[in-house]
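One structure below.
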Amino acid sequence: MKMTKYAFVLIHFGDNIQYLELELYFLTNLKLYTTNNIIYLYSINDTPTKFVDIIKKYASKCIPYDDNGITFNVQEFKSNYTKFNTLRTCNFIFAYNLIKYKKICLLESDMVIMKNIDAIFELKTPSILSYTTNNFTQNYKNHLPSNKDLITNICINKKKFVNGVNGGVILFTPSIKMFNKYLQNIKVIIQNNCPYPNESLFIYSNPESFNLPVWYNLSYHHLTHFHLSKMKITPTDVIDNLVVFHYNETYKPTTIMRDKWYLELDETNTKDLLRKIPILHYKQIFDKYSDEIKNYINYY
Numbered sequence: 001m002k003m004t005k006y007a008f009v010l011i012h013f014g015d016n017i018q019y020l021e022l023e024l025y026f027l028t029n030l031k032l033y034t035t036n037n038i039i040y041l042y043s044i045n046d047t048p049t050k051f052v053d054i055i056k057k058y059a060s061k062c063i064p065y066d067d068n069g070i071t072f073n074v075q076e077f078k079s080n081y082t083k084f085n086t087l088r089t090c091n092f093i094f095a096y097n098l099i100k101y102k103k104i105c106l107l108e109s110d111m112v113i114m115k116n117i118d119a120i121f122e123l124k125t126p127s128i129l130s131y132t133t134n135n136f137t138q139n140y141k142n143h144l145p146s147n148k149d150l151i152t153n154i155c156i157n158k159k160k161f162v163n164g165v166n167g168g169v170i171l172f173t174p175s176i177k178m179f180n181k182y183l184q185n186i187k188v189i190i191q192n193n194c195p196y197p198n199e200s201l202f203i204y205s206n207p208e209s210f211n212l213p214v215w216y217n218l219s220y221h222h223l224t225h226f227h228l229s230k231m232k233i234t235p236t237d238v239i240d241n242l243v244v245f246h247y248n249e250t251y252k253p254t255t256i257m258r259d260k261w262y263l264e265l266d267e268t269n270t271k272d273l274l275r276k277i278p279i280l281h282y283k284q285i286f287d288k289y290s291d292e293i294k295n296y297i298n299y300y
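Under the UniProt record's numbering, the first residue of the sequence shown carries the number 1, and numbering increases by one thereafter.
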């Protein structure tokens, strides 16, 4: 494997075969649009060995981490999500140990990469998409809640969306010092049972950060007239500039492929048209590689 100064990282935990399938399609997609290393970080506590053996064919490197007592087997935290313990989304902190790299970009497997993504490494760090910025397309300094407001409003009073960020894509400079800072601060997140632990931990630990341009983390729910107007972007802007589309909804792209839900979208409706573009892009990858990936899934 050729060492690059930047790397994309996918974090894994658990033995859910559906997540493995998503990861295989996602990694196949990502490899088409980057020349940088792709690292698969997996928990040694509950990631099946067979998962790792399969992923090795798709990622540049597979690196284990031990989250026991940090996010795994932490009885004090009560997750607000039933499918998995949301505290484990804080496992992104283990990527901060990858200090051989100049910058790391965290991605999630429920995303579609539309075009070459390597320009993301030209942005300032740390960067995360903010919903409180005045300019969604620029890499400006974020205006995020203070730690006191974060804990009071988000964790204690459980006010939704007050955190104002989406942690699906995070760009940062790896640092052992920051990793240790996260280890200390996660105790505060656990004590206050924050409903959005990964995003709360990021804000709590990074009083200064930069907005990640929305083109690198545009969500499904953004594609309404209201949200586009708020972000001051047009449908044409989306078509021309979109790099990463994020299905942070109940339905993931693999599900949409099987249900053929995309056939119901009306291209004369702007919202439907914008939603159809990324899923049809994904369909090309799905159609080309589905037999190969099915063999791995069926083997397991």
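Glycine included, C-beta positions come from ideal geometry on N, C-alpha and C. Note that the structure is predicted; figures quoted are calculated from it, not measured.
- Pairing residue 132 with residue 170, the inter-Cα distance amounts to about 16 Å.
- Taken through DSSP and simplified to helix, strand or coil, residue 79 comes out as coil.
- In the displayed model, residue 42 falls within a strand according to three-state DSSP.
- Per the coordinates, the alpha-carbon of residue 14 lies some 15 Å from the alpha-carbon of residue 74.
- Counting C-beta pairs closer than 8 Å gives three or more between the stretch 40 to 51 and the stretch 60 to 71, which meets the contact rule.
- Residue pairing by DSSP puts residue 12 in a beta bridge opposite 42.
- Counting along the chain, no beta strand (DSSP E) covers residue 31; the unbroken alpha helix (DSSP H) around it starts and ends at 17 to 31.
- About 5 Å separates the beta carbon of residue 117 from that of residue 33, a gap short enough to meet the 8 Å contact definition.
- DSSP places residue 246 in the uninterrupted beta strand (DSSP E) bounded by 244 to 246.
- Distance from the Cα of residue 240 is smallest, within the candidate group 137, 173 and 103, for 137.
- Judged by DSSP secondary structure, residue 50 falls outside any beta strand (DSSP E) and instead within the alpha helix (DSSP H) spanning 49 to 55.
- Under the Cβ criterion (8 Å, minimum of three pairs), the stretch 139 to 151 does not count as touching the stretch 75 to 87.
- The three-state secondary structure of residue 219, taken from DSSP, is strand.
- The beta-bridge partner set that DSSP reports for residue 238 is empty.
- Sixteen is the threshold: since fewer than 16 other Cβ atoms of the shown chains lie within 10 Å of the Cβ of residue 119, the residue is exposed.
- Every unbroken stretch of the alpha helix (DSSP H) spanning 4 or more residues and falling wholly within the stretch 155 to 229 is given here in chain order: 176 to 191 and 197 to 205.
- Taking the Cα of residue 38 as reference, the smallest distance to any Cα among 57, 8 and 95 is reached at 8.
- Nearest C-alpha to residue 215 among 209, 208 and 223: 223.
- A straight-line Cα-Cα distance of about 21 Å links residue 60 and residue 286.
- Each residue's CA atom was taken as its position, placing residue 106 and residue 23 some 13 Å apart.
- Our two residues, residue 221 and residue 178, have alpha carbons roughly 32 Å apart in a direct line.
- Within the same chain, and ignoring the five residues on either side of residue 62 in sequence, the residues whose Cβ sits closer than 7 Å to its Cβ are 40, 42, 52, 55 and 56.
- Counting only residues of its own chain and dropping the five nearest sequence neighbours on each side, residue 86 has a CB closer than 6 Å to the CB of 79 and 197.
- Annotation: the continuous alpha helix (DSSP H) that includes residue 256 extends over 253 to 259.
- Under DSSP, the beta-bridge partners assigned to residue 7 are 37 and 104.
- When only Cα atoms are considered, residue 283 and residue 121 end up about 27 Å apart.
- As the crow flies, the alpha-carbon of residue 219 is around 22 Å from that of residue 124.
- In the structure shown, residue 70 adopts coil according to DSSP, grouped into three states.
- Where residue 62 is concerned, the enclosing beta strand (DSSP E) starts and stops at 61 to 65.
- Across the set 93, 21 and 99, the C-alpha of 93 shows the shortest separation from the C-alpha of residue 184.
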